[in-house]
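Report on the following structure.
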Amino acid sequence: MDIIVCIKQVPDTTEVKINPETNTLIREGVPSIVNPFDENAVEAALQLKEKHGGKVTVITMGPPQAAEALKTTIAMGADEVVLVSDRAFAGSDTWATSYTLSQTIKKLGKFDLILCGKQAIDGDTAQVGPGIAEWLGIPQVTFAVKVEVNDSKLTVERMLEEVNEKVECPLPAVITVVKQMNEPRLPSLKGMMRAKKAEIKTLSAAEIAGDPKNLGLNGSPTNVVRIFTPPPKGGGEILAGEPDEIADKLIAKIRERKII
Amino acid sequence: MLDYLLTEEQQMIRDLARKVALEKVLPKRLEWDEAGEFPWEAMKAFSAADLCGLYIPEDLGGMGQSVFNFCLATEEISRVCGGVGVTFAASALGSTPILLYGTPEQKKKYMPEIAAGKKLAAFGLTEANAGSDAAGIETTAKKEGDYYIINGTKQWITNGGEADTYTLIAMTDKAKGARGASAFIIEKGTPGFTFGKKENKMGIRCSATRELVFQDCKVHKSQLLSKEGMGFIVAMKTLDLTRPGIGAQAVGIAQGALDEALKYARERVQFGKPIASIQAIQHILADMATQTEAARALVYACARMIDAGHKDYTLPASEAKLFASDTAMKVTIDAIQVLGGYGYMKEYPVEKMARDAKITQIYEGTNQIQRNQIALALIKESASKK
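If you read the sequences in order, they're chains E and Y. Following this note's numbering, the numbering of the first sequence begins with -2 at its first residue and continues without gaps. Following this note's numbering, the numbering of the second sequence begins with 138 at its first residue and continues without gaps.
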């Protein structure tokens, strides 16, 4: 089966700093990595390929340096990679990004399955995966923790807050994955050598036939008004003492509040 | 750190080995050390990362025959855990006799799986009464028709029980002494070949050190390596070639101890300041760093010389093993001193590093044997100049 994985290059920290004036991320001096959930998606794709055969193509939209993120996936075992890069894409929100990626996927042609991480650790929107499915008009299953393929039918286990949900859907489809799904493999030496030599295929806005009204800042309806750190949750109370004492104190407090 | 002008590929090997060691070995090293548990998980990770065939030619499934590249990986793995480092290196020791003396058929049969890390190898030389004096070997291989019947017990065999492929030195003709020894390839599972006691060791505790027991073990003559009587040559040439690997293991252990000592010295505050600002500590750290770098330079130079095709490297290989292992012992003990009471506790890794370092002065030829070899080579060279 032909699998496409969409990845994003993100700053290597979950505590990114925000420029208060522009409300954008300060990326200088922060090393870049493949978005961790996207590594889970690459791993899932490689495992499906190992089981069913086929090809894993990884794509990303980003500046030229995002080629490094693609090389990381080659080192893991991706067969092909495509960088979609154009000044016209600058300032893309999730609408424009999912449009751009879907146009790229259309340009690439044949595919059976699209995998994405559930969200990026910098923007945290979890919208691009579902957006791609909408633009392509195919089913989407989000927060997958397990994926099985049987005769062009997918069985997906979704990880929800309280329960896991098992759903079936036809191929092709878009799946977004959670980190509990697998442990992304480390690169191999052969993969790293292949990555070093790899020439990264790059597509421009014109090459993916992108409609300018859906690209970049102009094609992005989202307007970030303000980014701020929410006030911390009210301070909890830590009970100290021997386990027996703590248990007694805890029960007293629960009674006090008439919870039981 | 000295710049060894590594190629891009060598930097990749070093960084990848470090990455795998940090992710797969570091979180488990204490547990494996305490339990004496064989680090299969780590070996599988090295296999997946293509690190098992660094010393094996590409046509046999390896990454190109390079002692240097193998040393780079061994060093980085040993920097995190000497026990895992020796497990990794012992497979090279066990398969080097095949690489050096195997027929094309023998190489094709055994090397690709070892290169891929699917199987481990082990080298069976030492016996209860044959340590430094390898001529005391009592294990016999008696020829009967197309087969050899092997009887005897090998002792302290690294990767024993875990490896699938064993190279063994046994006497085919005791009357001829050292010239009566022969080398064999023996597969795990051969009838008459079992494993004895697993040793409880001071250091490198996660590595398997076990007896190989042969009781009328029948092996086909096609398993003979080289010719009858070549056993000692096979063993000596093998050890010459793998000695830089032990040097690299020792350099890794020393570097690991230096890393820990430096980190601790910068964090530990006494008399109102980090102890790294105290000259008494600084001088210890400076010596540790200088000695470790000197050992590394010697090991690397020797490995590069071998890779460049020099035939006579017994002397530098012995020097590299000797100096690096003595350095590892000294540097790890110094690291304990820098960490003080904490260094003596198992909560910190330096006591383990010192326990691991000790064996590098003993195995693959004790450092006294290395000195014998070095002196002998020196005297020979000097005498030949007259």
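Each residue gets a CB set at the ideal place from its N, CA and C atoms; glycine is no exception. None of these values were measured; they are calculated from a predicted model.
Separation of E:Met73 from E:Lys163, as counted between CA atoms: Indexing the first sequence from 1 puts residue 163 of chain E at position 166. Indexing the first sequence from 1 puts residue 73 of chain E at position 76. Looking at the two C-alpha atoms, the distance is approximately 29 Å.
Per DSSP, the bridge partner or partners of Y:Tyr284: By 1-based counting over the second sequence, the position of residue 284 of chain Y is 147. The partner list for Y:Tyr284 (beta bridge, DSSP) reads Y:Glu281, Y:His357.
Should E:Leu186 be flagged as near chain Y, meaning a C-beta pair shorter than 7 Å? By one-based count along the first sequence, residue 186 of chain E stands at place 189. Yes, its Cβ sits closer than 7 Å to a Cβ of chain Y.
I need the straight-line Cα distance from Y:Ala158 to Y:Val223, nearest angstrom please. For the purposes of this step, residue 158 of chain Y is taken as residue 21 along the second sequence, with counting starting at 1. For the purposes of this step, residue 223 of chain Y is taken as residue 86 along the second sequence, with counting starting at 1. Approximately 13 Å, taken between the alpha carbons.
Closer than 7 Å to chain Y by CB, E:Met189: Mapped onto the first sequence, residue 189 of chain E falls at position 192. It does: the Cβ of E:Met189 has a partner Cβ on chain Y nearer than 7 Å.
Can you check whether the CB of E:Gly114 is closer than 7 Å to the CB of E:Ala38? Looking up residue 38 of chain E in the first sequence gives position 41. Looking up residue 114 of chain E in the first sequence gives position 117. Yes, Cβ-Cβ distance for E:Ala38 and E:Gly114 is below 7 Å.
Would you say Y:Ala312 and Y:Ala394 are within 7 Å of each other, going by their C-beta atoms? Reading the second sequence from its first residue, position 175 is the one you call residue 312 of chain Y. Reading the second sequence from its first residue, position 257 is the one you call residue 394 of chain Y. No, these two residues do not count as a Cβ contact at 7 Å.
When burial is assigned at 16 or more other CB atoms within 10 Å of the CB, is E:Glu165 buried or exposed? Here residue 165 of chain E refers to the residue found at position 168 of the first sequence. Counting Cβ neighbours within 10 Å, E:Glu165 comes out exposed, since fewer than 16 surround it.
Start-to-end residues for the beta strand (DSSP E) that takes in E:Pro167: Position 170 of the first sequence, counted from the first residue, corresponds to residue 167 of chain E. 161 to 167 is the span of the beta strand (DSSP E), which, as asked, contains E:Pro167.
Would you be able to state if there are at least three C-beta pairs under 8 Å between the stretch 343 to 355 of chain Y and the stretch 283 to 295 of chain Y? yes
Going along the chain, which residues of the stretch 152 to 179 of chain Y sit with their C-beta nearer than 7 Å to a C-beta in chain E? Leu153, Lys156, Val157, Glu160
Go ahead and pull the three-state DSSP assignment for E:Cys113. For the purposes of this step, residue 113 of chain E is taken as residue 116 along the first sequence, with counting starting at 1. It is a strand residue.
Residue environment, Y:Thr379, which counts as buried when at least 16 other CB atoms sit within 10 Å: Taking the first residue of the second sequence as position 1, residue 379 of chain Y is located at position 242. The residue is buried, with at least 16 neighbouring Cβ atoms inside 10 Å.
According to DSSP, residues forming a beta bridge with E:Val78: The residue labelled residue 78 of chain E in the question sits at position 81 within the first sequence. DSSP output for E:Val78 lists E:Val55 as bridge partner(s).
Going by alpha carbons, who is nearest to Y:Gly333 out of Y:Gly289, Y:Thr309, Y:Gly282? Residue 333 of chain Y sits at position 196 when you count from the first residue of the second sequence. The candidate whose alpha carbon is nearest that of Y:Gly333 is Y:Gly289.
Do you know offhand how far Y:Tyr450's Cα is from Y:Ile443's? The sequence position of residue 450 of chain Y within the second sequence is 313, counting from 1. The sequence position of residue 443 of chain Y within the second sequence is 306, counting from 1. C-alpha separation (whole angstroms): 7 Å.
Just mark E:Asn215 as buried or exposed, buried being the case when its beta carbon has 16 or more other beta carbons within 10 Å. Here residue 215 of chain E refers to the residue found at position 218 when the first sequence is read from its first residue. The residue is exposed, with fewer than 16 neighbouring Cβ atoms inside 10 Å.
Sequence-distant residues of the same chain with beta carbon closer than 8 Å to E:Asp251, five excluded per side: Counted from its first residue, the first sequence places residue 251 of chain E at position 254. Asp is not the amino acid found at residue 251 of chain E; the sequence shown has Ile there. Same-chain partners within the cutoff: Ile257.
Please identify, using Cβ separations under 7 Å, the residues of the stretch 444 to 468 of chain Y that lie next to chain E, in order along the chain. none
Meets three-Cβ-pair contact criterion under 8 Å: the stretch 320 to 337 of chain Y and the stretch 363 to 380 of chain Y: yes
At a CB distance below 8 Å, what residues from the stretch 171 to 186 of chain E approach chain Y? Give them in sequence order. Arg182, Leu183, Pro184, Ser185, Leu186
By DSSP's criteria, Y:Thr497 is part of a beta bridge. Which residues make up the other side? Taking the second sequence and counting its residues from 1, the one referred to as residue 497 of chain Y is at position 360. BP columns for Y:Thr497 are empty, so no partner.
Where in the stretch 314 to 364 of chain Y do unbroken runs of the alpha helix (DSSP H), each at least 4 residues long, occur, reported from the N-terminal end onward? none
Considering just the uninterrupted stretch of the alpha helix (DSSP H) at Y:Cys208, what are its terminal residues? Along the second sequence, read from residue 1 onward, the residue named residue 208 of chain Y stands at position 71. That run of the alpha helix (DSSP H) goes 204 to 217.
Neighbouring residues, chain E, relative to Y:Ile150 (Cβ below 7 Å): One-based indexing of the second sequence puts residue 150 of chain Y at position 13. Within 7 Å Cβ-Cβ: Leu186.
Which of helix, strand or coil DSSP assigns to E:Asp208: Position 211 of the first sequence, counting from 1, holds the residue named residue 208 of chain E. The answer is coil: DSSP assigns E:Asp208 none of H, G, I, E or B.
Option nearest E:Val2 by Cα separation, candidates E:Gly26, E:Pro60, E:Asp76: Walking along the first sequence from the start, residue 2 of chain E turns up at place 5. Here the closest residue by C-alpha is E:Asp76.
Output yes or no for whether 7 Å exceeds the beta carbon distance between Y:Gly446 and Y:Arg342. Locating residue 446 of chain Y in the second sequence gives position 309, where the first residue counts as 1. Locating residue 342 of chain Y in the second sequence gives position 205, where the first residue counts as 1. It is not a contact, given that the beta carbons lie outside the stated cut-off.
Using the three-state DSSP reduction, which class does E:Ser29 fall into: helix, strand or coil? The residue labelled residue 29 of chain E in the question sits at position 32 within the first sequence. In this structure, E:Ser29 counts as strand in the three-state DSSP scheme.
Below 9 Å on C-beta distance, what does Y:Asp377 contact in chain E? Position 240 of the second sequence, counted from the first residue, corresponds to residue 377 of chain Y. Those within 9 Å of Y:Asp377 in chain E number zero; the least Cβ separation is about 26 Å.
Taking just the CA atoms, how far does Y:Thr302 sit from Y:Ile287? One-based indexing of the second sequence puts residue 287 of chain Y at position 150. One-based indexing of the second sequence puts residue 302 of chain Y at position 165. Whole-angstrom Cα-Cα distance: 16 Å.
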